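Protein sequence lines correspond, in order, to chains P and V.
As numbered in our numbering, residues 1 to 350 make up the first sequence, in order.
As numbered in our numbering, residues 351 to 895 make up the second sequence, in order.
Beta carbons: idealized from backbone N, C-alpha and C, even for Gly.
Keep in mind it's a predicted model, so treat the numbers as computed, not measured.
The structure appears right after this line, and notes come after that.
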Amino acid sequence: MSAPNKAAPAEADHQEQRAATLPRPTLARRLGLQRYAIIIVFIAMFIAFALAVPSTFLSIGNLSNILGGQAVLFILVMAVMLPTIMGDFVDLSLGSSLGLSAMTLAVLNVQHHTNVAVACLAGVGAALVVGLVNVFFVVYFDNDPFIVTLGTMTIVQGVTYIISGSNSIGIVSTSLSNWIFTYNFLSIPLEFYYGLAIFLVIWYVLSFTPVGQKALVLGQSREVARLTGVRVNKMRSWGFILGAGVAGLAGIAYAGTNGTIDPTAGGDLILPAFAAVFLGVTAIKPGRINPLGAFIAVYFLATGTAGFQLLGTQSYIQQIFYGAALVAAITIPKANRERFFKKRRTAEAR
Amino acid sequence: MEQALAPPAVELHNISKAFGSNRALDGVDLRIGSGEVVGLLGQNGSGKSTLVKIMSGVYDPEPGGRMLVGGAEVPLPLPPGQASEIGLSFVYQNLALAPGLTVLENLTLGQRITAGGWKLINWISEHRAARAVLDRYQVHLDLDQKTGELAPVDQARLAIVRAAEDLRRYRARSGGSHSVLVLDEPTVFLPEEEIDRLFDLIRTVVTEGAAVLFISHDLAAVQAITDRVVVLRDGQVVAEEVTADIDEEALVDLIVGASASARQAAVDTSHVVALVEDQRAVELTREAMESVGDAAGLGESVVVEHVVDERLHDVSFEIGAGEILGVAGLIGSGAEELPYLLFGARQAISGSLRLGAERMNVGKLTPQRSVRERIALVPADRTVQGLSQGLTLWENITMLVEDEHYRNGIFRRGELLKLAEDAIDRFLIRPPLAHAPAGTFSGGNQQKALMAKWLIARPRLLLLHEPTQGVDVGARRDIYRFVKAAATLNQMAVLWVTTEFGELAEVCDRVIVLTQGQHTETLTGEELSEEAISAAALRQTREVI
Chain P
1 MSAPNKAAPA EADHQEQRAA TLPRPTLARR LGLQRYAIII VFIAMFIAFA LAVPSTFLSI
61 GNLSNILGGQ AVLFILVMAV MLPTIMGDFV DLSLGSSLGL SAMTLAVLNV QHHTNVAVAC
121 LAGVGAALVV GLVNVFFVVY FDNDPFIVTL GTMTIVQGVT YIISGSNSIG IVSTSLSNWI
181 FTYNFLSIPL EFYYGLAIFL VIWYVLSFTP VGQKALVLGQ SREVARLTGV RVNKMRSWGF
241 ILGAGVAGLA GIAYAGTNGT IDPTAGGDLI LPAFAAVFLG VTAIKPGRIN PLGAFIAVYF
301 LATGTAGFQL LGTQSYIQQI FYGAALVAAI TIPKANRERF FKKRRTAEAR
Chain V
351 MEQALAPPAV ELHNISKAFG SNRALDGVDL RIGSGEVVGL LGQNGSGKST LVKIMSGVYD
411 PEPGGRMLVG GAEVPLPLPP GQASEIGLSF VYQNLALAPG LTVLENLTLG QRITAGGWKL
471 INWISEHRAA RAVLDRYQVH LDLDQKTGEL APVDQARLAI VRAAEDLRRY RARSGGSHSV
531 LVLDEPTVFL PEEEIDRLFD LIRTVVTEGA AVLFISHDLA AVQAITDRVV VLRDGQVVAE
591 EVTADIDEEA LVDLIVGASA SARQAAVDTS HVVALVEDQR AVELTREAME SVGDAAGLGE
651 SVVVEHVVDE RLHDVSFEIG AGEILGVAGL IGSGAEELPY LLFGARQAIS GSLRLGAERM
711 NVGKLTPQRS VRERIALVPA DRTVQGLSQG LTLWENITML VEDEHYRNGI FRRGELLKLA
771 EDAIDRFLIR PPLAHAPAGT FSGGNQQKAL MAKWLIARPR LLLLHEPTQG VDVGARRDIY
831 RFVKAAATLN QMAVLWVTTE FGELAEVCDR VIVLTQGQHT ETLTGEELSE EAISAAALRQ
891 TREVI
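Now the structure itself:
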């Protein structure tokens with residue numbers, strides 16, 4: 001970058017200096033490292049498990065379990081990502097939307113003998129209604145999404161109890177569970193491919209279209225987006241509605257996988273889903289919510305969990321692993337050695 | 351008189367301060383007697399705020415400067431937080447009130463912070479004490495109301511009561527008789543009829559025993575409340591007068607000071623002449639404007655009629671094709687609203703905007719519509735409204751044109767990157783790192799990126815608000831050139847709003863002056879000088895209602 005404006009040498013010098021002070025190589029190196037850190041750890045972890053318990057960890061059954069067993073969570077992660085990427089951090093109601101969708105499906109299918117396809121549509125429809133309610137209170141009335149969705153989450157849970165009569169409902173039509181869970185391709189249940197398809201659509205829209213780019217601007221700085229002509233409220237509304245719709249799809253997958261639906265369904269999935277989204281923020285495009293990062297994060301966590309189970313650890317290790325991975329992933333890139341030592345030194349000087 | 355016997359409340363001797371080669375203050379002496387209200391006047395950049403910041407301990411003066419408070423020498427620089435310990439208290443334009451807290455909480459905030467964290471708060475006695483304080487100053491407010499819900503004038507009064515109360519406590523504690531309340535632009539956003547209530551309060555504060563330093567652009571306010579005025583120009587005290595002995599016209603002349611400003615203007619011109627000789631840069635700018643494409647030679651004129659909002663009363667003007675129209679006005683005059691209203695970023699009450707053959711209702715304008723009509727807004731707050739700090743430079747620059755690079759379901763990221771890299775080159779953005787986050791660039795380079803973002807979207811009308819705020823001289827020069835090139839080569843209509851009147855004189859073809867929300871004067875050709883614009887903006891203050 002030889003400065004083109006030679007007629008103002010002083011100014012050019014000044015700018016050159018500024019260029020020199022911008023930490024270009026270190027930044028690039030750090031970003032590079034951070035970008036692929038999870039993948040590197042993922043591979044290392046995979047090799048470690050493969051060496052520790054080769055016969056079970058590398059079995060087809062286990063690999064299919066890792067990929068297929070987390071499909072519901074994976075679809076929910078995609079749902080969580082939609083409002084979150086547009087700056088509406090935390091739609092807590094998505095987990096209970098999943099539960100409501102699954103329960104609506106089950107009640108219609110099992111108790112009212114509705115055709116399973118119609119029941120599925122009704123399930124997704126119920127979830128969409130929750131999304132619309134969120135839009136009404138968050139976007140239209142300009143409320144804090146955390147507080148509103150905390151409320152709608154609780155309400156939807158209550159509604160799920162009402163429609164189920166506080167009972168577990170089962171068993172949903174086997175044709176549903178066949179098409180979701182039993183049939184497989186390359187030994188992996190079909191639901192994994194459904195999740196993959198949803199992922200591919202969302203990935204394409206968010207990362208390879210102007211709409212996705214606008215969503216990103218909106219999520220990063222709402223005011224800039226507004227003054228650039230982005231229809232801020234319309235876009236946020238779609239984030240909530242589509243997010244709820246995808247959560248409804250996750251509910252169908254849940255119903256197909258489990259057969260029997262408990263009124264608490266989905267409640268224990270929402271926090272792991274957020275963990276995966278935020279863990280994904282540290283990968284591929286650091287600092288940004290991105291679908292590919294979330295994809296990797298989900299299966300990183302799934303692999304870790306499966307591996308620990310095979311090693312014979314207790315099931316609570318899964319929770320500890322989730323939490324620790326999330327905290328470590330956002331902290332390690334910031335643990336700047338120099339800064340750490342400088343702080344210590346100034347502390348000693350006092 | 352006893353004033354002559356008692357030492358002055360505060361005395362400043364030989365205060366100087368330089369920022370780089372710019373001497374902000376040059377041997378300033380200032381004396382404020384006990385019980386006196388002194389007005390400090392001067393244009394933007396005359397050194398008023400630097401002087402206040404030295405008094406409050408934000409800046410260190412150069413060696414040789416002395417400050418005496420109540421006759422006792424105070425070592426400069428003042429350590430932070432020390433000012434309130436020696437009987438100086440400050441109320442700034444932003445008032446430093448927490449809008450979400452109640453009147454009572456705001457009133458006692460200072461004591462909370464100094465009084466240690468674990469002392470029990472007796473809210474009942476606090477309430478009683480606060481009520482007594484407000485009564486003493488004859489300010490009647492609901493102690494439990496949220497401060498943000500108060501009228502602006504009541505917020506100002508609350509801030510002043512709080513500061514005055516600090517001073518009263520100081521006097522009681524030290525047994526001293528001196529104390530100074532510094533009011534920095536307290537009347538800017540206040541409606542006409544409410545200013546008197548503020549003045550009553552200031553008089554009460556003076557009766558209570560404090561001296562007041564009153565800093566303002568509002569000459570009518572200064573004449574109403576002060577005993578004496580001190581005028582700063584180019585960092586020096588140019589006049590000290592008894593307020594009653596001087597009229598507004600004479601004050602304007604003192605503030606603007608024709609000869610000194612003329613010299614200043616000459617210096618500014620030399621900057622701009624130098625840059626035009628920078629052939630390479632000029633060539634790049636020309637390329638940039640040519641790449642802008644089909645807007646070239648379109649040449650639409652703009653007619654704005656009857657714009658009304660809370661601060662603007664029926665403002666109308668025209669901008670010819672290829673014309674740069676400056677809008678001058680002091681803070682609070684409503685000039686700063688115009689670009690946002692004409693873009694639809696804020697809602698006007700009514701008004702019409704004719705752009706070429708189209709007529710738009712300003713009251714119903716939205717940013718989406720404006721972007722579609724290719725109206726560009728470069729806002730003053732570039733970090734919040736201009737560039738998304740976390741996104742990369744290239745994403746920011748191409749934000750407005752990305753739709754054109756999505757064809758057949760494929761997002762042509764390569765094309766956008768190329769476009770951004772060309773813009774980075776032509777708009778001289780340094781360092782030329784397209785992938786670095788926008789927030790890592792210096793103010794000047796961010797501003798150039800913001801100009802690039804809008805100019806590559808081929809605007810028909812370019813609205814600029816303080817486009818060179820916080821920008822170094824080099825970048826400022828570049829920005830002048832970009833805008834001039836856009837206007838002359840692409841026949842773009844430009845609206846340039848700033849309180850830097852020298853800049854308007856430099857770049858604009860015509861300048862309109864707004865005072866109190868009304869278009870009061872138009873300056874063209876020979877009349878365009880910093881001093882003429884300043885005088886016009888100052889003079890009509892509060893004459894027209």
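With a beta-carbon spacing of about 5 Å, residue 814 of chain V and residue 728 of chain V fall inside the 8 Å limit used to define contacts.
As the crow flies, the alpha-carbon of residue 58 of chain P is around 10 Å from that of residue 47 of chain P.
Sorting V/869, V/875 and V/855 by C-alpha distance to the C-alpha of residue 883 of chain V places V/855 at the top. Residue contact with chain P for residue 738 of chain V: present (Cβ-Cβ distance below 8 Å to some residue of chain P). Counting the other CB atoms within 10 Å of its CB gives residue 760 of chain V a total below 16, which places it among the exposed residues. Residues of the stretch 220 to 233 of chain P with a C-beta atom less than 7 Å from some C-beta of chain V are 220, 221, 223, 224, 226, 227, 228, 229 and 231, listed in chain order.
A straight line joining the alpha-carbon of residue 258 of chain P with that of residue 213 of chain P spans about 37 Å. By the neighbour-count definition (other C-beta atoms within 10 Å, threshold 16), residue 158 of chain P is an exposed residue. DSSP places residue 666 of chain V inside the beta strand (DSSP E), whose first and last residues are 665 to 669.
Excluding residues up to 5 positions away in sequence, 487 and 488 lie with their Cβ nearer than 7 Å to the Cβ of residue 554 of chain V in the same chain.
Rounded to the nearest angstrom, the gap between the Cα atoms of residue 177 of chain P and residue 69 of chain P is 14 Å.
A straight line joining the alpha-carbon of residue 37 of chain P with that of residue 320 of chain P spans about 20 Å.
Here the alpha carbon of residue 442 of chain V sits roughly 36 Å from the alpha carbon of residue 832 of chain V. Chain P has a Cβ within less than 8 Å of the Cβ of residue 735 of chain V.
When the five nearest sequence neighbours on each side are left out, the beta carbons in the same chain lying within less than 6 Å of the beta carbon of residue 153 of chain P are those of 92, 93 and 96, in order along the chain. Not a single CB atom of chain V sits nearer than 8 Å to the CB of residue 189 of chain P. About 5 Å separates the CB atoms of residue 85 of chain P and residue 219 of chain P; that is less than 8 Å, so the two are in contact. Close to chain V, meaning a Cβ-Cβ distance shorter than 9 Å, are the following residues of the stretch 267 to 287 of chain P: 287. The beta carbon of residue 135 of chain P sits closer than 6 Å to those of 237 and 240, all from its chain and outside the five residues before and after it, given in chain order.
Assignment of residue 719 of chain V by DSSP, reduced to helix, strand and coil, places it in the helix class. The beta-carbon separation of residue 770 of chain V and residue 788 of chain V, rounded to 11 Å, does not stay under the 8 Å limit for a contact. Counting only residues of its own chain and dropping the five nearest sequence neighbours on each side, residue 511 of chain V has a CB closer than 6 Å to the CB of 487 and 489. Between the stretch 699 to 716 of chain V and the stretch 651 to 659 of chain V there are three or more inter-stretch CB-CB distances shorter than 8 Å, so the stretches are counted as touching.
Linking residue 717 of chain V to residue 845 of chain V through their CA atoms gives a straight-line distance of about 17 Å.
Within the same chain, Cβ atoms closer than 7 Å to the Cβ of residue 766 of chain V are found at 744, 748, 752 and 755, the five residues on either side in sequence being excluded. Looking at the backbone, the Cα of residue 666 of chain V and that of residue 688 of chain V are separated by about 11 Å. In this structure, the straight-line span from the alpha carbon of residue 461 of chain V to that of residue 515 of chain V is close to 11 Å.
For residue 209 of chain P, the chain V residues whose Cβ falls inside 7 Å of its Cβ are 756 and 761, in order along the chain. Counting along the chain, residue 746 of chain V sits inside no beta strand (DSSP E); it lies in the alpha helix (DSSP H) bounded by residues 743 to 747. Spatial neighbours of residue 397 of chain V in its own chain (CB-CB distance under 6 Å, excluding positions within 5 residues in sequence) are listed in chain order as 374, 375, 582 and 585. At a cut-off of 8 Å between beta-carbon atoms, residue 842 of chain V makes no contact with chain P. Annotation: the continuous beta strand (DSSP E) that includes residue 870 of chain V extends over 868 to 874. Distance check between residue 654 of chain V and each of V/429, V/706 and V/479 places V/706 closest, using alpha-carbon atoms only.
Between residue 322 of chain P and residue 291 of chain P, the CB-CB gap reaches or exceeds 8 Å. In this structure, residue 670 of chain V lies away from residue 838 of chain V, with their beta-carbon atoms at least 8 Å apart.
The beta carbon of residue 139 of chain P does not come within 8 Å of any beta carbon belonging to chain V, so the residue lies off that interface.
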